[in-house]
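Numbering (this note's numbering), first residue to last: 11 to 441. Remarks on the structure that follows.
If you want it as structure tokens, here you go:
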């Protein structure tokens with residue numbers, strides 16, 4: 011099969027590109043907020059008198075609240091639309107980040123991180139729904155990957171930028187600047203973004219976008235969660251994404267600390283070294299979309315084109331991550347970690363794209379939410395379990411080897427449980 015041309019009108023192409031650009035910007039600010047705690051880890055521990063285990067809990071509590079909010083957020087996005095849902099979420103998470111910059115105790119910081127998780131919960135499920143609303147089935151993987159790449163681009167940019175801010179002005183100013191940036195993005199989103207229907211794009215473009223979507227569910231609400239959970243595919247995505255996010259969050263939360271503690275790097279050097287694997291993760295996120303897009307364009311079904319890169323990415327990420335902590339040379343360890351994050355983000359991008367091609371379009375955000383609850387459990391456990399293991403063993407080896415093993419198990423889950431599309435009978439009404 012040859013390369014497909016985009017036959018949408020110039021206005022539709024312009025509007026959908028603007029939507030993806032806004033999502034990338036919002037995603038970067040979103041991850042800058044998450045990364046600030048990892049970058050400020052040693053300084054915050056020193057000022058607030060926290061143990062490694064306390065910091066592990068502080069790093070993980072965000073993911074717990076983020077995970078618990080996923081399904082309600084997905085239902086709300088599918089029910090009330092992306093523009094209102096994401097706009098409100100951006101305001102909430104920005105004020106939570108501002109609050110974190112003025113805390114004076116461990117408990118206050120926990121509350122701010124919980125609020126940040128609640129506010130950020132609709133971001134990636136909502137962004138995937140935007141791509142499903144604006145792009146045809148076979149063309150969704152690439153824009154989703156471009157959007158999802160913000161989850162790797164921001165952590166790659168965050169260490170040097172946030173480290174500079176922290177050294178120059180302190181960790182509190184670093185948090186406040188990140189919060190103010192979120193409010194700017196919220197204003198841009200409210201001014202610029204509209205759904206395809208509200209933007210009044212040509213009817214032919216709307217028909218092309220949804221031509222291969224299959225029958226929608228007539229009523230979108232809480233009952234669709236139970237309906238989706240009847241399918242092994244939904245459970246496979248829930249369980250498998252645990253490993254994708256677990257291994258990614260090990261890096262996102264503990265990489266600067268690992269370089270300072272285990273590799274004896276200064277704060278400044280740890281920020282620079284951290285940027286290398288995180289930059290590789292960004293290119294992995296983009297590559298995932300390109301791989302899926304090319305596989306689909308040259309004849310592979312959309313589901314297989316997203317699913318297979320998830321599986322192979324997890325296998326490579328697990329092997330590279332487990333091997334990295336045994337490398338004597340720092341540059342070799344960084345190279346293996348770079349490979350690990352590159353592969354993990356291929357899995358992440360393709361995992362997000364999988365939900366947009368494997369279920370009815372008006373259940374995408376809810377299915378993404380189910381998947382991301384599993385991912386959020388991984389994100390919650392990775393920093394905390396790693397902190398506990400470090401506290402008990404005074405070594406990062408058990409934490410990285412465990413992450414590699416989890417990645418292998420989750421690759422097997424994707425292989426066994428995500429082979430079939432979720433298809434709604436014509437006219438299914440869950441009211």
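Where a beta carbon is used, it is the ideal one built from N, C-alpha and C, also for glycine.
Ordered along the chain, which non-local residues of its own chain (more than five positions away) have a Cβ less than 6 Å from that of residue i?
{"i": "residue 72", "result": "123, 126, 127"}
{"i": "residue 281", "result": "169, 170, 173"}
{"i": "residue 159", "result": "292, 295, 296"}
{"i": "residue 349", "result": "330"}
{"i": "residue 267", "result": "51"}
{"i": "residue 421", "result": "321, 324, 325"}
{"i": "residue 200", "result": "97"}
{"i": "residue 39", "result": "191, 192, 195"}
{"i": "residue 109", "result": "122"}
{"i": "residue 401", "result": "62, 63"}
{"i": "residue 86", "result": "95"}
{"i": "residue 241", "result": "432"}
Under three-state DSSP, which class holds residue i?
{"i": "residue 239", "result": "coil"}
{"i": "residue 212", "result": "coil"}
{"i": "residue 404", "result": "coil"}
{"i": "residue 423", "result": "helix"}
{"i": "residue 431", "result": "coil"}
{"i": "residue 221", "result": "coil"}
{"i": "residue 50", "result": "coil"}
{"i": "residue 318", "result": "helix"}
{"i": "residue 194", "result": "helix"}
{"i": "residue 43", "result": "helix"}
{"i": "residue 372", "result": "helix"}
{"i": "residue 13", "result": "Note on residue 13: pLDDT 37, under 50, position unreliable in the model; the coordinate value appears next. Coil, per DSSP."}
{"i": "residue 184", "result": "helix"}
{"i": "residue 207", "result": "coil"}
{"i": "residue 21", "result": "helix"}
{"i": "residue 337", "result": "coil"}
{"i": "residue 132", "result": "coil"}
{"i": "residue 28", "result": "helix"}
{"i": "residue 276", "result": "coil"}
Which word fits residue i, buried or exposed, when buried means at least 16 other C-beta atoms lie within 10 angstroms of its C-beta?
{"i": "residue 90", "result": "exposed"}
{"i": "residue 426", "result": "exposed"}
{"i": "residue 382", "result": "buried"}
{"i": "residue 433", "result": "exposed"}
{"i": "residue 410", "result": "buried"}
{"i": "residue 112", "result": "exposed"}
{"i": "residue 14", "result": "Caution applies to residue 14, whose pLDDT of 45 falls short of 50 and renders its modelled position unreliable; the value that the coordinates give is listed next. Residue 14 comes out exposed."}
{"i": "residue 131", "result": "buried"}
{"i": "residue 263", "result": "buried"}
{"i": "residue 395", "result": "buried"}
{"i": "residue 239", "result": "exposed"}
{"i": "residue 309", "result": "exposed"}
{"i": "residue 365", "result": "buried"}
{"i": "residue 17", "result": "exposed"}
{"i": "residue 183", "result": "exposed"}
{"i": "residue 59", "result": "exposed"}
Please identify the residue among the options whose C-alpha is closest to the C-alpha of residue i.
{"i": "residue 388", "options": "208, 248, 52, 27", "result": "248"}
{"i": "residue 81", "options": "378, 284, 398", "result": "378"}
{"i": "residue 195", "options": "295, 151, 97", "result": "97"}
{"i": "residue 391", "options": "61, 23, 240, 77", "result": "77"}
{"i": "residue 92", "options": "429, 192, 142", "result": "142"}
{"i": "residue 361", "options": "150, 79, 145, 58", "result": "150"}
{"i": "residue 208", "options": "140, 419, 358", "result": "140"}
{"i": "residue 375", "options": "307, 46, 84", "result": "84"}
{"i": "residue 351", "options": "152, 254, 26", "result": "254"}
{"i": "residue 215", "options": "23, 175, 86, 204", "result": "23"}
{"i": "residue 63", "options": "19, 431, 317, 398", "result": "398"}
{"i": "residue 203", "options": "53, 164, 27", "result": "27"}
{"i": "residue 347", "options": "290, 235, 386", "result": "290"}
{"i": "residue 57", "options": "114, 298, 402", "result": "114"}
{"i": "residue 301", "options": "345, 359, 370", "result": "359"}
{"i": "residue 405", "options": "156, 273, 36", "result": "273"}
{"i": "residue 31", "options": "79, 154, 75, 244", "result": "154"}
{"i": "residue 180", "options": "49, 318, 21, 431", "result": "49"}
Which same chain residues, not among the five before or five after residue i, have their C-beta less than 7 Å away from its C-beta?
{"i": "residue 269", "result": "275, 280, 283, 284"}
{"i": "residue 104", "result": "189, 192, 193, 196"}
{"i": "residue 106", "result": "122, 125, 126, 129"}
{"i": "residue 423", "result": "246, 249, 250"}
{"i": "residue 414", "result": "328, 329, 331, 332"}
{"i": "residue 393", "result": "66, 69, 70, 259, 263, 264"}
{"i": "residue 186", "result": "108, 111"}
{"i": "residue 163", "result": "38, 292"}
{"i": "residue 176", "result": "49, 50, 53, 184"}
Mind checking whether the beta-carbon of residue i lies closer than 6 Å to any heavy atom of the ligand NAD?
{"i": "residue 104", "result": "In the structure on display, the ligand NAD does not appear, and there are no ligands present to speak of."}
If I measure Cβ to Cβ from residue i and keep anything under 8 Å in the same chain, skipping five residues before and after, which residues do I get?
{"i": "residue 99", "result": "83, 129, 130, 131, 132, 133, 136"}
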